[in-house]
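Peer 1: In my numbering, the protein residues as written are 1427 to 2163.
In this text, a Cβ means the ideal position worked out from N, Cα and C, and glycines have one as well.
So this is what it looks like as structure tokens:
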């Protein structure tokens, strides 16, 4: 989608507020407007917000708290709206004058995630809150959610709820109450600490608020007065809930204990047993049964204060071979077995456990034998004996994607780990260099100052040597950086792909600017040695280990591979015999391996590029994920999900290792709901299945097609909201409660 343009005009202005008329080029972005005020205020000449990172999730949230006192959607219609923006300091509207007009632009960042959802009492509408600071009020039916009826702006939004005649939004250090139609804000209460969660009482006249730094409070829904404080060893609070009669509050503690308090603060009972913090609480209609969800991934059921049973999402998980590199101290592959990380040595097949990670990850073996694992939040370097060398907190990215080890780059001497700000669908132009030994971090800045992250992305990273790395960008020419953060050189191209081998640096230009994109070979001093125009949009696949040959692909009506001799600049074509797939030298100087997409017939083909000869075609049983040559350079391994097989260059099998049989695996529960019949619904983040627990310990898999999160049910209609990180799905399970 193209970035929409906004025409903004100042209708009214006083010392601490401005009324803005906003017209957009795209009608479907009206719901974003309340969260755009920082961007709107940044654009006019003289703005004190110029140069601020209003698109960075953390900095934007901090700026919202510092700058914005409130935003009111005065009126809205298709294509336009009027916003009244109230600021905390006159300087933030001092550059505005009545009648001033300007154009503004919105670049979506994909960093927005959904944080909470709730039904209004009659079930006709749902409140859906996102991290952009906007809660949308939307019609709900069995067909799904309808068009937004109202937008409730709340900077730093983390929680929404709806009870009685009130709608709740909470975030930052404030709690706000709105009328049941979301048209007017009836109260905003400062609670003095960073809010992590909040819930309304059944009648909507009280609010329970949990804090990130620990403890919780009960406040009056009319004036915001504190009625009770819940402290005393609770720790950070991620979940609160009211009993159905509204006379007690349940507070989920960071210590794994859920405590029930009376509305005056008296501790009534403690429901213990979780190994991690409590992240969810659901209470039955009669108040006698409680289900809690812990950070360790289990749900616990309590009846009248007594523990009854634990719920787990147990599965049989197939072993998956994940990655391997020929430069390791010995040929090896790493793979998952249950929740553990295993190593298999080749060709013998000996198995050894390396580590049991705390969360799901991807993994690769580094050249020295270190194992690099990565999740969406952190990377870990692990020695072969399982001891951890270093844990690196990765740059924040959009939760719709994930940083994996293929996007992390170890320097040749394994002293530095380069972590670009990128994932499958959210990127920006910064790279962090983390010292493997020690805690030093070098931050390479976004070279296009003032350009929103979505419009200036890191496209490629490659280490030239132990002290220098080359970074390609979408909006800026590629830059050669030193490990100290010094900008050493700038190329004359926007670089989309980079490969370094031998003395050669091969790049592919961005196809969006140098259409359809060409290829360049340089020496390590960045002197251009040759160029190759691209006949149509293609890809740089691999460079031989000695830097002599590169293999490219070209798409279009007649897709083909091309081999480029980097010494003579000569090229020749290789027929893919179907669709173009991966092509790799796999750690070889001359042997090229072509892996077309698996269709049940196409095999893996081996070529001797120096002799321009086809050597062999290897049949396969499934998709091959990785190919690499053994250290002797005379045999190669094909790695699939369920087997690793070794072949000679003529295609003869030298031995095979099959993945071990499936093992039990616990998939973490992240959401639970207890309905009026005593039926429990649970969901987990990594699977599109909701499990239904009626009686006993055997659940029913009741729903597929949704990546799980929090579960919310409307008792009368039986409809449920499945709140994932990027979408809300409406579905019905077992009919009305």
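Distance check for residue 1987 and residue 1955, CA to CA, integer angstroms please.
Peer 2: Rounded to the nearest angstrom, the two C-alpha atoms are 22 Å apart.
Peer 1: Using DSSP with H/G/I as helix, E/B as strand and the rest coil, what is residue 1488?
Peer 2: It is helical.
Peer 1: Can you tell me where the alpha helix (DSSP H) holding residue 1541 begins and where it ends?
Peer 2: Premise fails: residue 1541 lies in the beta strand (DSSP E), 1540-1545, not in any alpha helix (DSSP H).
Peer 1: So the candidates are 1998, 1660, 1447; which of them puts its Cα closest to the Cα of residue 1511?
Peer 2: Nearest C-alpha to residue 1511: 1447.
Peer 1: Rounded to a whole number of angstroms, what is the C-alpha to C-alpha distance between residue 1567 and residue 1543?
Peer 2: Near 15 Å, if we compare the C-alpha coordinates of residue 1543 and residue 1567.
Peer 1: Span of the beta strand (DSSP E) holding residue 1653?
Peer 2: From DSSP, the beta strand (DSSP E) with residue 1653 extends over 1652-1656.
Peer 1: Alpha carbon to alpha carbon, how far is residue 1712 from residue 1691? Give it in angstroms, no decimals.
Peer 2: So the two alpha carbons sit approximately 21 Å from each other.
Peer 1: What does the alpha-carbon distance come out to for the pair residue 1998 and residue 1960?
Peer 2: Spanning the two alpha carbons is a distance of roughly 13 Å.
Peer 1: Distance check for residue 1771 and residue 1417, CA to CA, integer angstroms please.
Peer 2: Residue 1417 lies beyond the stretch modelled for the chain, which goes from 1427 to 2163, so this question has no answer here.
Peer 1: Quick check for students: name the residue ranges of the beta strand (DSSP E) that lie wholly in the region 1665-1690, counting only runs of 3 or more.
Peer 2: The region 1665-1690 contains these whole beta strand (DSSP E) runs: 1665-1668, 1674-1678, 1684-1688.
Peer 1: Nearest CA to the CA of residue 1996: which residue from 1722, 2103, 2002, 2035?
Peer 2: Comparing Cα positions, the closest option is 2035.
Peer 1: Can you confirm whether the region 2094-2114 touches the region 2057-2068 when touching is taken to mean that 3 or more C-beta pairs between the two stretches lie within less than 8 Å?
Peer 2: These segments do not touch.
Peer 1: According to the neighbour-count rule (16 or more other Cβ atoms, all chains shown, within 10 Å of its Cβ), is residue 1951 buried or exposed?
Peer 2: Flag for residue 1951 reads exposed.
Peer 1: State yes or no: is the C-beta of residue 1989 within less than 9 Å of the C-beta of residue 1977?
Peer 2: In contact: residue 1989 and residue 1977 (Cβ atoms closer than 9 Å).
Peer 1: Where does residue 1839 land, buried or exposed, given buried means 16+ other C-beta within 10 angstroms?
Peer 2: It counts as exposed.
Peer 1: According to the Cβ coordinates, are residue 2090 and residue 1701 closer than 9 Å?
Peer 2: Contact flag unset, no.
Peer 1: Let me confirm a value: residue 1732 is counted as buried when at least 16 other C-beta atoms fall within 10 Å, else exposed. Which label applies?
Peer 2: Its Cβ having fewer than 16 others within 10 Å, residue 1732 is exposed.
Peer 1: Apart from the five residues just before and just after residue 2110, which ones in its own chain have a Cβ nearer than 7 Å to its Cβ?
Peer 2: Answer for residue 2110: 1739, 2093, 2094, 2095, 2096, 2134, listed in chain order.
Peer 1: Around the Cβ of residue 1600, are there at least 16 other Cβ atoms within 10 angstroms (buried) or fewer (exposed)?
Peer 2: It is buried - the Cβ of residue 1600 has at least 16 other Cβ atoms within 10 Å.
Peer 1: Quick check on DSSP: helix, strand or coil for residue 1465?
Peer 2: If DSSP states are grouped into helix, strand and coil, residue 1465 belongs with the helices.
Peer 1: Quick check on the DSSP output: what are the complete alpha helix (DSSP H) runs of length 4 or more inside the region 1608-1660, in order along the chain?
Peer 2: Entirely contained in the region 1608-1660, not one alpha helix (DSSP H) run reaches 4 residues.
Peer 1: Where in the region 1851-1913 do unbroken runs of the beta strand (DSSP E), each at least 3 residues long, occur, reported from the N-terminal end onward?
Peer 2: Taking only runs of at least 3 residues, the beta strand (DSSP E) segments lying wholly in the region 1851-1913 are 1853-1861, 1867-1870, 1884-1891, 1894-1899, 1905-1908.
Peer 1: Exposed or buried, what is residue 1969 when buried is set at 16 or more other beta-carbons lying within 10 Å of its beta-carbon?
Peer 2: So residue 1969 counts as buried.
Peer 1: Quick one: what does DSSP say residue 1517 is sitting in, helix, strand or coil?
Peer 2: Correct three-state label for residue 1517: helix.
Peer 1: Could you give the uninterrupted runs of the alpha helix (DSSP H) lying entirely in the region 1546-1577, keeping only those of 4 residues or more?
Peer 2: The region 1546-1577 contains no whole alpha helix (DSSP H) run of 4 or more residues.
Peer 1: The beta strand (DSSP E) with residue 1448 in it runs from where to where?
Peer 2: Note, residue 1448: beta strand (DSSP E), 1443-1450.
Peer 1: Residue 2138 and residue 2120 - do their beta-carbons sit closer together than 9 Å?
Peer 2: Going by C-beta atoms, residue 2120 is not nearer than 9 Å to residue 2138.
Peer 1: Note down, one range per segment and in chain order, each beta strand (DSSP E) of at least 3 residues found wholly within the region 2034-2073.
Peer 2: 2039-2044, 2050-2055, 2061-2066, all fully within the region 2034-2073.
Peer 1: Thinking C-alpha only, which one of 1518, 1944, 2148 is nearest residue 1919?
Peer 2: Checking every option, the nearest Cα to that of residue 1919 belongs to 1944.
Peer 1: Assign residue 1665 to one of two classes, buried (16 or more other C-beta atoms within 10 Å of its C-beta) or exposed (fewer than that).
Peer 2: So residue 1665 ends up on the buried side.
Peer 1: Compute the distance between the beta-carbons of residue 1466 and residue 1556, then report whether it is under 9 Å.
Peer 2: Cβ distance not < 9 Å, so residue 1466 and residue 1556 don't count as in contact.
Peer 1: How would you label residue 1550, buried or exposed, when you count the other beta carbons within 10 angstroms and need 16 or more for buried?
Peer 2: Residue 1550 should be labelled exposed.
Peer 1: Spell out the partners DSSP gives residue 1987 in its beta bridges.
Peer 2: According to DSSP, residue 1987 bridges with 1979, 2000.
Peer 1: To the nearest angstrom, how far is the alpha carbon of residue 1923 from that of residue 1935?
Peer 2: Computed Cα separation, rounded: 7 Å.
Peer 1: Where DSSP assigns a beta bridge to residue 1589, which residues make up the other side?
Peer 2: Answer is 1592, bridged to residue 1589.
Peer 1: Since residue 2049 and residue 2024 are thought to touch, with beta carbons under 8 Å apart, how far apart are those beta carbons, to the nearest angstrom?
Peer 2: Indeed, because the Cβ distance is near 4 Å, the residues count as touching under 8 Å.
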